[in-house]
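Have a look at the structure below before the remarks.
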Amino acid sequence: MKTIQIFDPAMCCSSGVCGVDVDQNLVTFAADVDWAKQNGAQIERFNLSQQPMAFAENAVVKGLLERTGQTVLPVTLVDGQLALAGRYPSRDDLARWAGVQAQAAETATASCCAGGSCC
Amino acid sequence: MRSLPILWQRLVSTQGTTCPRCHGTGEEVQRAVQTLEQALKPLGIAPELQIDESTFLKDTLQSNQILIAGETIEHWLGGQTGSSRCCNECGDNDCRTVEVGGQSYEVIPEDLLVRAGVIAATRMLDPTLVK
Numbered sequence: 001m002k003t004i005q006i007f008d009p010a011m012c013c014s015s016g017v018c019g020v021d022v023d024q025n026l027v028t029f030a031a032d033v034d035w036a037k038q039n040g041a042q043i044e045r046f047n048l049s050q051q052p053m054a055f056a057e058n059a060v061v062k063g064l065l066e067r068t069g070q071t072v073l074p075v076t077l078v079d080g081q082l083a084l085a086g087r088y089p090s091r092d093d094l095a096r097w098a099g100v101q102a103q104a105a106e107t108a109t110a111s112c113c114a115g116g117s118c119c
Numbered sequence: 120m121r122s123l124p125i126l127w128q129r130l131v132s133t134q135g136t137t138c139p140r141c142h143g144t145g146e147e148v149q150r151a152v153q154t155l156e157q158a159l160k161p162l163g164i165a166p167e168l169q170i171d172e173s174t175f176l177k178d179t180l181q182s183n184q185i186l187i188a189g190e191t192i193e194h195w196l197g198g199q200t201g202s203s204r205c206c207n208e209c210g211d212n213d214c215r216t217v218e219v220g221g222q223s224y225e226v227i228p229e230d231l232l233v234r235a236g237v238i239a240a241t242r243m244l245d246p247t248l249v250k
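Structural data, given as structure tokens:
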């Protein structure tokens, strides 16, 4: 199983999903991370405001930040290699990198309609 | 070195003038390309800016459109295309805007362009994506 590391922009907490003005992208991504973890994916998240050393000690992330600034965040590494920068991965991205089936949950809930005779 | 094509489509009048939003975006595009050159060089990717002033004289909504690796920046940023009234150069037509994160941009700022470029470049590097 590949290790997926997410380097988040500075956020108030580990997920950024708190307060009264919640970013829907962060809510969706947090749900996708939970889903991927439940399906066996190994995912770590690092928050710039709370874990700055993780950014400084990673050559790929540090280099991108130095050359581009915080515009480049979030950065996603897969097994240490740059996989995506500038936006959060989708559930499909996480599934593809982790080698799990993104449609598993939807398929299970939709099974009653399989075969063309929906309930 | 792989190329990251950046195509900026802009409206130019027959007198060679352009509207303020295209003029402003032009400066932002130049800065963004310089930033991307530095940012992407270690990744083996070089931005390649192309400016198209010829095709969109009669379609203002196609002006100030920026395509990176063949996709609009709205695509890369999860945004939408909008429109708003512009100026004399554009006649009575509305001109293109870009809406990202609940904000509408007439002049597209450098940081949005850089972010779209970085997303597009990292997509080029992802070996798990079907080409």
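First to last, the protein sequences are chains A and B. Position one of the first sequence corresponds to residue 1 (this note's numbering), numbered consecutively onward. Position one of the second sequence corresponds to residue 120 (this note's numbering), numbered consecutively onward. Built from N, CA and C at the ideal position, the CB exists for glycine as well.
Subject >> Neighbourhood of residue 167/B by C-beta distance below 6 Å, restricted to the same chain and skipping five residues each side >> reply: As a first step, residue 167/B is located in the second sequence; it is residue number 48 there, counting from the start. Result list for residue 167/B: 122 and 124, in chain order.
Q) Going by beta carbon distance, what residues of the same chain come within less than 7 Å of residue 196/B, once the five residues before and after it are set aside? A) As a first step, residue 196/B must be located in the second sequence, where it is residue number 77. So the qualifying residues of the chain are 219, 231, 234 and 235.
Can you pull the chain B neighbours of residue 84/A, defined as C-beta to C-beta under 8 Å? For the purposes of this step, residue 84/A is taken as residue 84 along the first sequence, with counting starting at 1. Under the 8 Å cutoff, chain B gives 238, 241, 242 and 245.
- Whose Cβ in chain B lies nearer than 7 Å to the Cβ of residue 68/A? The count along the first sequence starts at 1 and reaches residue 68/A at position 68. Chain B residues near residue 68/A: 154, 158, 233 and 237.
Are the segment 12-31 of chain A and the segment 56-72 of chain A touching by the rule of at least three beta carbon pairs closer than 8 Å?
No: the two stretches stay apart, fewer than three of their Cβ pairs being nearer than 8 Å.
query = Would DSSP call residue 242/B helix, strand or coil?
reply = What you label residue 242/B is simply residue 123 of the second sequence in a count that begins at 1. Three-state result, residue 242/B: helix.
### Message
Strictly below 9 Å CB to CB, what residues from chain B border residue 72/A?
### Response
Taking the first sequence and counting its residues from 1, the one referred to as residue 72/A is at position 72. In chain order: 158, 233, 234 and 237.
Worksheet entry | Chain-ordered neighbours of residue 64/A on chain B, where CB pairs are closer than 7 Å | Locating residue 64/A in the first sequence gives position 64, counting from the first residue. Chain B residues near residue 64/A: 158.
**Asked** Given residue 97/A, which residues of its chain have a CB within under 7 Å of its CB, disregarding the five upstream and five downstream residues?
**Response** One-based indexing of the first sequence puts residue 97/A at position 97. The answer, listed in chain order, is 2, 4, 78 and 83.
Starting from the Cα of residue 46/A, find the closest Cα among 35/A, 27/A and 56/A and give me that residue.
The residue given as residue 46/A occupies position 46 in the first sequence. Cα-wise, what sits closest to residue 46/A is 56/A.
Using a Cβ cut-off of 9 Å, which residues of the segment 192-221 of chain B contact any Cβ in chain A, in chain order? Cβ contacts with chain A: 195, 196, 197 and 220.
Please decide whether residue 45/A counts as near chain B, where near means a Cβ-Cβ distance under 8 Å.
Stepping through the first sequence from its first residue, residue 45/A is reached at position 45. So no, residue 45/A is outside the interface.
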